[in-house]
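Using this note's numbering, the first residue of the sequence shown is number 797, and each one after it goes up by one.
Note that CB positions come from ideal geometry on N, CA and C, so glycine has one too.
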Amino acid sequence: MSSNPANFTVKSKARIDGRGTLEAGMSIGGKYRMLAPFEVVMEPMTFISVTNTPVQEMNYENRNRIRSTLQSASMLFSIKNKIPIAGDLSMLMSNLQFFPLDTTVAALRDFKDSLVVKKNWLASDSVYIVTKCDSLNPETSDIFIFDVLTDFSECVDNVSYLVKNSSGSDTVVSYVDTLVKIPLPEPKSLHVVTNSGVHAGQVREAGFITYSSPLSKERVKLMTDPGQPYMAPRFFLKGSNGKRVYLTTGDYLDINSSVTFSLSSTGMSDPAPNEIVVKYPNGGESLDKDSPIMIKWKTYGSVSKVDLAYFAGGKPNVDIDDGWTDITTEISNVDSFSWTPSSTTGIGAIMSSSKKDSVRIRVKSSDGKTRDMSGWFFSLFVKSSSIDPENNSNQIIFKGLTEE
């Protein structure tokens, strides 16, 4: 029942059998009880499960082997439907545990309203969907993507990226992808008459099908991304086409599924390479050069020592050291480092040029075999002090300067 809507609205009527009279000043009272199962005429309806399933993050070694040796992938389903209504079931996946019902304007508005309550969004915020990666490219787009993507290369075309517009700024807050859409078969037959133990409109013989759906490499990559995604089923029921059907507590939907990966034997026995993923700053931030910044990254595998560097201006090559300036070297890898930019060679020189608006961080293993850099540029600013002429000479005002 966890797949059902949270609430049903049942418009029911009751009739009291019997004959009698009412006299002045007298009244009549009573109560009745409605018990499921019950008979309904159902209109087409779409709903998402009130519960979702967190998916455990895949071990990075398995993730690497699947990605590097994948030839093809598919999902196989066997579906037995003992519900008196057919339809389809879509398996949705997202980085958040909140899912919009669909992509209509009304559904997105309802989705936003739910996050006003659950995530303290502003009532004036709005949500729209982007499905083309070209529209999210930080080189040409003002949409901030790095709360969801660590790098633009992770973007997958035709996945729905939900963008929040708040106070004039646009930020990708989640993605929602339909991994697979499964048909729910019509029951083979219904009971046509009511007799002992059964009711007219109740399922007599369940419908059954097997169904196979391919999975693209892009979908497999999305499924195996680092982090914990969430999955939820979205049901579409066709309705009873004006006919009465009978719902019982014995109705059920049985779905068995399996995923098949076809992998190349080449590389399967090789150890997974180490990975480093820069988390912060990862692009779009504006940071004070004189304040400590906690650089954060995530290590997969075993990297004992790392070197940190920055690049200012132009398009850096993460694999070539030219243009990178060391922040620190040969430090123990604890996935973070506190950095005050002004303490590093060369930062003062770039603050008077446009280079201060195009800075990236690189984290690499000290042996040089594993490395990653910020997904996009961030900027640095400097605070200066000035005298408040309307108060006194001892009053200091700090201003953020971003002069060219």
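query: Option in Glu1081, Arg1030 and Pro1010 with minimal Cα separation from serine 1058; result: Pro1010
query: Pick from Ser1061, Gly1144, Ser985 and Ser1012 that is closest to asparagine 877, judged by C-alpha positions; result: Ser985
query: Alpha carbon of tryptophan 1120 to alpha carbon of tyrosine 957, nearest angstrom; result: 33 Å
query: Proximal residues to threonine 899 (C-beta, below 8 Å), its chain only, five neighbours per side dropped; result: Ile925 and Ser956
query: Contact the region 879 to 898 vs the region 1083 to 1102: 3+ CB pairs below 8 Å; result: no
query: Given threonine 974 as reference, the closest of Asp953, Pro1088 and Ile862 once Cα atoms are compared; result: Asp953
query: Residues that DSSP places opposite arginine 905 in a beta bridge; result: Answer is none; arginine 905 lacks a bridge partner.
query: Lysine 1160 burial status per 10 Å Cβ neighbour count (16 or more: buried); result: buried
query: Limits of the unbroken alpha helix (DSSP H) element including asparagine 860; result: 856 to 865
query: Arginine 1030: first and last residue of the uninterrupted beta strand (DSSP E) it sits in; result: 1026 to 1033
query: Rounded C-alpha distance that separates valine 959 from threonine 1125; result: 38 Å
query: Distance between glycine 964 and glutamate 982 (C-alpha atoms, nearest Å); result: 48 Å
query: Whole alpha helix (DSSP H) elements within the region 984 to 1064, 4-residue minimum; result: 1013 to 1019
query: Cβ neighbour criterion (16 or more within 10 Å) applied to valine 1130; result: exposed
query: Which of helix, strand or coil DSSP assigns to aspartate 898; result: coil
query: As assigned by DSSP and simplified to three states, the class of isoleucine 1123; result: strand
query: 8 Å contact criterion, which leucine 1033 and valine 836 should meet: CB distance rounded; result: About 11 Å; that fails the 8 Å criterion.
query: Residues near leucine 1197 by beta carbon distance below 8 Å, same chain, minus five either side; result: With a pLDDT of 44 at leucine 1197, under the threshold of 50, the modelled position of this residue cannot be trusted, and the question is left open.
query: Cβ separation of isoleucine 1127 and valine 1102, assumed to be a contact under 8 Å, to the nearest whole Å; result: 6 Å
query: Tryptophan 1172 versus isoleucine 844 - alpha carbon distance; result: 36 Å
query: Check whether methionine 887 and valine 976 have beta carbons under 8 Å apart; result: yes
query: Cross-strand partners of methionine 887 (DSSP beta bridge); result: Val976 and Pro1029
query: Inter-residue CB distance, isoleucine 881 and glycine 1035 (contact presumed, cutoff 8 Å); result: 7 Å
query: Continuous alpha helix (DSSP H) stretch holding isoleucine 1146: start and end; result: 1143 to 1146
query: Supposed contact pair threonine 946 and lysine 1075 - C-beta distance, whole angstroms, cut 8 Å; result: 7 Å
query: DSSP state of glutamate 950 mapped onto helix, strand, coil; result: helix
query: Cβ pair glycine 1080, arginine 1040 closer than 8 Å; result: no
query: Inter-residue spacing [alpha-carbon to alpha-carbon] between threonine 990 and glutamine 852; result: 47 Å
query: Backbone CA spacing between isoleucine 1192 and phenylalanine 1133 [nearest angstrom]; result: With a pLDDT of 41 at isoleucine 1192, under the threshold of 50, the predicted position of this residue should be treated as unreliable, though the coordinate-derived value follows. Roughly 31 Å separates the two Cα atoms.
query: Three-way DSSP call (helix, strand, coil) for lysine 1165 in this model; result: coil
query: Nearest to threonine 842 (by Cα), restricted to the options Met871, Tyr1007 and Phe1031; result: Phe1031
query: DSSP state of serine 1100 mapped onto helix, strand, coil; result: coil
query: Isoleucine 1157 beta carbon less than 8 Å from that of leucine 1083; result: no
query: Exposure of alanine 820, with buried meaning 16 or more beta-carbon neighbours within 10 Å; result: exposed
query: Straight-line Cα distance separating serine 1012 from valine 972; result: 16 Å
query: Local conformation of leucine 910 per DSSP, three classes; result: One detail in the question is off: residue 910 reads as serine in this sequence, not leucine. In the structure shown, serine 910 sits in a helix (DSSP, three-state: H, G or I).
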